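*Asks:*
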Amino acid sequence: MLAVRLLHVLAMALAVGGAVAVWWLVRRSEARASAVGPETAVETAVAYEAGFWATAGLLVMTGVGNLGSLAPAVPPAESFWGTVFAVKLLLVLGLLAASLVRTLVVARCRRANRPESAGATRTLRVGYGATALSLAVLVALAEVLAHG
Amino acid sequence: MAEEAETTGPPVASGVAGATEDPDPNAFHRVCDDSLVVWALASFHTAGLVALLVVALYLAGPLGDLLSGLDTVVGLALYLGLWAATWWTNRRAFRAIADAGDDAESVSASVVVGTGGKWAGVDGVLFLWMLLLAAVFPPSSVTLAGVAYFLAFGGIASLLAFVVGAIVGSLFALLDLALFRAAGGLVPKLTRRKHEAGESDDTA
Numbered sequence: 002m003l004a005v006r007l008l009h010v011l012a013m014a015l016a017v018g019g020a021v022a023v024w025w026l027v028r029r030s031e032a033r034a035s036a037v038g039p040e041t042a043v044e045t046a047v048a049y050e051a052g053f054w055a056t057a058g059l060l061v062m063t064g065v066g067n068l069g070s071l072a073p074a075v076p077p078a079e080s081f082w083g084t085v086f087a088v089k090l091l092l093v094l095g096l097l098a099a100s101l102v103r104t105l106v107v108a109r110c111r112r113a114n115r116p117e118s119a120g121a122t123r124t125l126r127v128g129y130g131a132t133a134l135s136l137a138v139l140v141a142l143a144e145v146l147a148h149g
Numbered sequence: 003m004a005e006e007a008e009t010t011g012p013p014v015a016s017g018v019a020g021a022t023e024d025p026d027p028n029a030f031h032r033v034c035d036d037s038l039v040v041w042a043l044a045s046f047h048t049a050g051l052v053a054l055l056v057v058a059l060y061l062a063g064p065l066g067d068l069l070s071g072l073d074t075v076v077g078l079a080l081y082l083g084l085w086a087a088t089w090w091t092n093r094r095a096f097r098a099i100a101d102a103g104d105d106a107e108s109v110s111a112s113v114v115v116g117t118g119g120k121w122a123g124v125d126g127v128l129f130l131w132m133l134l135l136a137a138v139f140p141p142s143s144v145t146l147a148g149v150a151y152f153l154a155f156g157g158i159a160s161l162l163a164f165v166v167g168a169i170v171g172s173l174f175a176l177l178d179l180a181l182f183r184a185a186g187g188l189v190p191k192l193t194r195r196k197h198e199a200g201e202s203d204d205t206a
């Protein structure tokens, strides 16, 4: 169904674009005399986290819908397609678990009204960078699955 | 409320004179009123469970046949229903955990796993009812005998769904605890000064 695929692509675009934007903001906030303060970066991160979990849920939901368009001829697990698909699903599971940790760190910074130290800011920067990279790898794997 | 939760619980002495450390500010019972954490956990549980099921069914083989028999709109509606039910049960679980106490001794891992398991059992029953509802639609072919069958079947299946949901929920609660601990290790512990008049509670 075209609407399901459109939703899938839009959700992924929001997730990737948002992660890159927050990573950039956090990075800017680390610089001295930057116009972007740590509070602004954390507020943006909180907004992204709420949106991220909405898009993550949508991505899994529409991902299963996309898979349904192949059914019943889903290639077997022993094939190249199956290997890439299994790797993609494992990466999705890993990203979901790691993202919960990232969200908890952001929630912690929000509750303190600011990142408490350079260590917390660095954790956020690394977290968003890793999220953006993982999502980019997922997009690449999706391309392989769709076009071989 | 979130800031209020920050100041509850017994702080422990830190090495800084006149300051205390909150041992685990992200503990379950301290984030019960954090809507972001509840939303993240509910979405994580729903998406994680579905992704795990897809992996298991794909590796076992019958995924293609199952998906070909599932209408797209019904599938999306069931997912959204599970998501909503999981969010609601997670909220209730957090509230119950917070009610259990405000320190690490009264809110042990067993309390978190037990409460999480119980509400996940409720989630399982709610999802089963959604499945049964989806199975009887469209209602044009519903008969009295069919309704009686579904009520009897639903009653027995609800017990089973509760048990399955509770087991899955307990496993997720264990995973949640591990992820909460991992997050706690990634940020410096909150150090705060002992409350003095005219002073802020938090110091970085």
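Those sequence lines, one after another, are chains A and B.
For the first sequence, this note's numbering gives the first residue as 2, with consecutive numbering after it.
For the second sequence, this note's numbering gives the first residue as 3, with consecutive numbering after it.
Note that CB positions come from ideal geometry on N, CA and C, so glycine has one too.
Because the structure is a prediction, the values reported are computed rather than measured.
Going by C-alpha distance, which of A:A74, A:V102, A:A32 and A:F81 is nearest A:T124?
*Replies:* Out of A:A74, A:V102, A:A32 and A:F81, A:V102 has the C-alpha closest to the C-alpha of A:T124.
*Asks:* Tell me, please, whether the CB atom of B:T91 is closer than 8 Å to any CB atom in chain A?
*Replies:* B:T91 does not count as touching chain A.
*Asks:* With a cut-off of 8 Å, does the C-beta of A:V138 fall near any C-beta of chain B?
*Replies:* no
*Asks:* Whole angstroms are fine: how far does the CA of B:F46 sit from the CA of A:L136?
*Replies:* Each residue's Cα considered, the two are about 16 Å apart.
*Asks:* With DSSP run on the structure shown, which of helix, strand or coil describes B:R97?
*Replies:* helix
*Asks:* What runs of the alpha helix (DSSP H), each 4 residues or longer, lie entirely inside the stretch 73 to 132 of chain A?
*Replies:* 81 to 112
*Asks:* Taking only the alpha-carbon atoms, compute the straight-line gap between B:S112 and B:V166 and give it to the nearest angstrom.
*Replies:* 18 Å
*Asks:* Starting from the C-beta of A:T63, find all residues in its chain whose C-beta is less than 8 Å away, skip the five residues before and the five after it, and write them out in chain order.
*Replies:* V5, R6, L8, H9 and A12
*Asks:* Within the same chain, show all residues whose beta-carbon is closer than 8 Å to that of A:L139, passing over the 5 residues directly before and after it, in chain order.
*Replies:* So the qualifying residues of the chain are M13, K89, L92, V93 and L96.
*Asks:* Less than 8 Å between the C-beta atoms of B:V124 and B:F30, yes or no?
*Replies:* no
*Asks:* Which whole-angstrom value is the C-beta distance of A:L105 and B:F182, which I expect to be below 8 Å?
*Replies:* 6 Å
*Asks:* Taking just the CA atoms, how far does B:G119 sit from B:R97?
*Replies:* 14 Å
*Asks:* What is the rounded straight-line gap between the Cα of B:L69 and the Cα of A:V65?
*Replies:* 8 Å
*Asks:* Find the residues of chain B that neighbour A:E31, judging by a C-beta separation of less than 7 Å, and give them in chain order.
*Replies:* By Cβ distance, chain B contributes nothing, its closest Cβ being about 15 Å from A:E31, past 7 Å.
*Asks:* Assign A:S100 to buried or exposed, taking buried as 16 or more other Cβ atoms, counted over all protein chains shown, within 10 Å of its Cβ.
*Replies:* buried
*Asks:* With a cut-off of 8 Å on the beta carbons, I'd call B:A42 and A:E50 a contact; round off their distance for me.
*Replies:* 7 Å
*Asks:* For the stretch 11 to 38 of chain A, which residues have a beta carbon sitting closer than 8 Å to at least one beta carbon of chain B?
*Replies:* none
*Asks:* When the distance is taken between beta carbons, is B:V189 closer than 8 Å to A:A121?
*Replies:* yes
*Asks:* Measuring CA to CA, which of B:V56, B:G50, B:D101 and B:A87 is closest to A:A98?
*Replies:* B:G50
*Asks:* Would you identify the three-state DSSP class for B:L80, choosing helix, strand or coil?
*Replies:* In the three-state DSSP reduction, B:L80 falls in the helix class (H, G or I).
*Asks:* Return no unless some Cβ of chain A is closer than 8 Å to the Cβ of B:A185.
*Replies:* yes
*Asks:* Rounding to the nearest angstrom, what Cα-Cα distance links B:W85 and B:G77 in this structure?
*Replies:* A direct Cα-to-Cα measurement between B:W85 and B:G77 gives close to 12 Å.
*Asks:* From B:A175 to A:L68, what distance separates their C-alpha atoms?
*Replies:* 29 Å
*Asks:* Along the chain, where does the alpha helix (DSSP H) containing B:F30 start, and where does it finish?
*Replies:* No alpha helix (DSSP H) holds B:F30; DSSP gives it neither H nor E.
*Asks:* In angstroms, rounded to a whole number, what distance separates the CA positions of B:D67 and A:P39?
*Replies:* 51 Å
*Asks:* Using CA atoms only, rank isn't needed, just tell me which of B:D104, B:L72, B:L55 and B:V40 is closest to B:W90.
*Replies:* B:V40
*Asks:* I believe A:V61 touches B:A53 by the beta-carbon criterion, under 8 Å. Please report the beta-carbon distance rounded to the nearest angstrom.
*Replies:* About 6 Å separates the Cβ atoms of A:V61 and B:A53, confirming a contact at the 8 Å cut-off.
*Asks:* I'd like to know whether the C-beta of A:G69 is nearer than 8 Å to at least one C-beta of chain B.
*Replies:* yes
*Asks:* Considering only the alpha carbon of each residue, which of A:A36, A:T41, A:A147 and A:R28 lies closest to A:R110?
*Replies:* It should be pointed out that residue 110 of chain A corresponds to Cys in this sequence rather than to Arg. The residue among A:A36, A:T41, A:A147 and A:R28 with its C-alpha nearest the C-alpha of A:C110 is A:T41.
*Asks:* Might you give, ordered along the chain, the residues of its own chain that have their beta carbon closer than 6 Å to the beta carbon of A:A141, omitting 5 neighbours on each side?
*Replies:* none
*Asks:* Taking its Cβ as the centre, do 16 or more other Cβ atoms sit within 10 Å of A:L3, making it buried, or is it exposed?
*Replies:* exposed
*Asks:* Leaving aside the five residues before and after A:V75 along the sequence, list all residues of the same chain whose C-beta is less than 8 Å from its C-beta, in chain order.
*Replies:* L68
*Asks:* Helix or strand or just coil, what does DSSP make of B:V113?
*Replies:* helix
*Asks:* Under 8 Å, do B:G187 and B:M132 count as touching if we go by C-beta distance?
*Replies:* no
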